[in-house]
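To keep things clear, I will list the structure first and then write my remarks on it.
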């Protein structure tokens, strides 16, 4: 392998490298020689002296660099779509650049809180590592323009939306919002709600896209997943990886900038939990994959609680535990119906390894534990009467469905259990939100 400057994309990355270098040096000089608080508006300001003009010119330079970096991103997605190193690296570099600009803007608006200053510095370091890596990799790996099969804009949009698994995201956002209402003991502000749910949607969608990238070969062997964009070949692996990384990084910065640092790190922990612990390490290694992996889906309501309160508490742990105990019976019911798919794909789901009878028994046990847990919350005075009535009634129906699966078996009852358990989670968290909003 040798470094070459012949490819137009390589030349573009080096141009961006130089532009960001000049911008960084200019920013450092401006920060050293002027007062941080000179320009307190964004994006423009009305400078009164040389120091103010210096900061304004720095922002203009950032705008020009942004144009170049957007052009580079467009070139990457047009000509390097098959490059599993270059396309994700270029995408991440662009996201980090705009995250750096975003942090600068948020600091101006919010009065330069210390944690945002630290993030600004750390992001600058990571951005430069990414830029150096991109410049070096493009000179070695960048290929000629490839004529990829054209796909309509509508199909492309549908495929990217499919990567994010919008129905699952919607369910997770419902638990997130319920966590916010429960934490605030009332309705949170529209602004806080918007940024928390947007950050949560990006995190969940990005994690889902990364999961599909990891499972793309496995998904080809399963009827339920064979038509997913990556498994079906409508989207290249590098595109799925780049899309997932972009959404995850965006979610972290939006939550940190507009909500709080705790919610951002909790969301990041959920992403790493799902992608690394579950998708990479556990899914094909143990029958406990769903049991342990359920912690990833249990984090969104805790993120909502942290967004509303800035901290955690016993109630937040109960919210985590509800989803954690709900996940195994929910997915094992699906696994009973799709056990042949999982066996063909080599995934050691409980019905494949231990059989249907043991799976049905475990579904009932976990459902019983879930219902007892929800009833325990009002007993401990963590919730009120609305949640108590809901926990008893909804839990009774869910427990009856699990009992029928346990005693009678059959795909039809397992499928009903799977479908109703999704509605159960939605309604139990809705009851939690109503209880907190109306009784508190």
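Numbering (this note's numbering), first residue to last: 2 to 441. For each residue, glycine too, the CB sits at the ideal point set by N, CA and C. The model shown is predicted, which means the values in this text are computed figures rather than measured ones.
Would the beta-carbon of residue i fall within 9 angstroms of that of residue j?
i	j	result
residue 242	residue 85	yes
residue 419	residue 292	no
residue 136	residue 18	yes
residue 318	residue 303	yes
residue 285	residue 347	yes
residue 422	residue 331	yes
residue 124	residue 104	yes
residue 122	residue 426	no
residue 199	residue 255	yes
residue 308	residue 365	no
residue 349	residue 288	yes
residue 410	residue 336	no
residue 100	residue 273	no
residue 306	residue 316	yes
residue 201	residue 310	no
residue 356	residue 375	no
residue 239	residue 82	yes
residue 299	residue 276	no
residue 74	residue 95	yes
residue 343	residue 329	no
Helix, strand or coil for residue i per DSSP?
i	result
residue 378	helix
residue 269	helix
residue 384	coil
residue 312	coil
residue 89	helix
residue 7	coil
residue 123	helix
residue 234	coil
residue 71	helix
residue 223	coil
residue 35	Residue confidence for residue 35 is low, a pLDDT of 48 falling below 50, so the modelled location carries little weight; the figure read from the coordinates is stated next. Three-state result, residue 35: coil.
residue 216	coil
residue 260	coil
residue 83	coil
residue 25	helix
residue 20	helix
residue 288	coil
residue 307	helix
Rounded to whole angstroms, what's the CA-CA distance from residue i to residue j? Just pull it up for me.
i	j	result
residue 269	residue 438	28 angstroms
residue 345	residue 223	7 angstroms
residue 432	residue 381	17 angstroms
residue 163	residue 204	15 angstroms
residue 126	residue 22	12 angstroms
residue 71	residue 186	43 angstroms
residue 373	residue 367	10 angstroms
residue 415	residue 369	16 angstroms
residue 8	residue 249	30 angstroms
residue 117	residue 140	34 angstroms
residue 279	residue 294	5 angstroms
residue 314	residue 214	35 angstroms
residue 76	residue 88	10 angstroms
residue 63	residue 5	28 angstroms
residue 283	residue 68	42 angstroms
residue 428	residue 362	25 angstroms
residue 107	residue 440	36 angstroms
residue 131	residue 97	9 angstroms
residue 379	residue 197	27 angstroms
residue 435	residue 387	7 angstroms
residue 173	residue 12	43 angstroms
residue 383	residue 297	23 angstroms
residue 35	residue 180	Residue placement at residue 35 is poorly supported in this model, since its pLDDT is 48, which falls under 50; the coordinates are not used for a value here.
residue 333	residue 24	54 angstroms
residue 265	residue 322	20 angstroms
residue 178	residue 301	9 angstroms
residue 93	residue 407	48 angstroms
residue 133	residue 153	35 angstroms
| request: Ignoring anything shorter than 4 residues or poking outside the region 334-419, list the alpha helix (DSSP H) runs there in chain order. | output: Complete alpha helix (DSSP H) runs here, min 4: 340-346, 351-354, 357-380, 386-409.
| query | Do the region 194-212 and the region 162-180 meet, that is, are 3 or more Cβ pairs less than 8 angstroms apart? | reply | As far as the Cβ criterion goes, the region 194-212 touches the region 162-180, which means the pair count is three or higher.
| field | Secondary structure, alpha helix (DSSP H): runs of 4+ residues fully inside the region 139-204 | value | 154-164, 167-185
| query | Counting pairs of beta carbons, one from the region 213-228 and one from the region 257-265, are three or more of them closer than 8 angstroms? | reply | no
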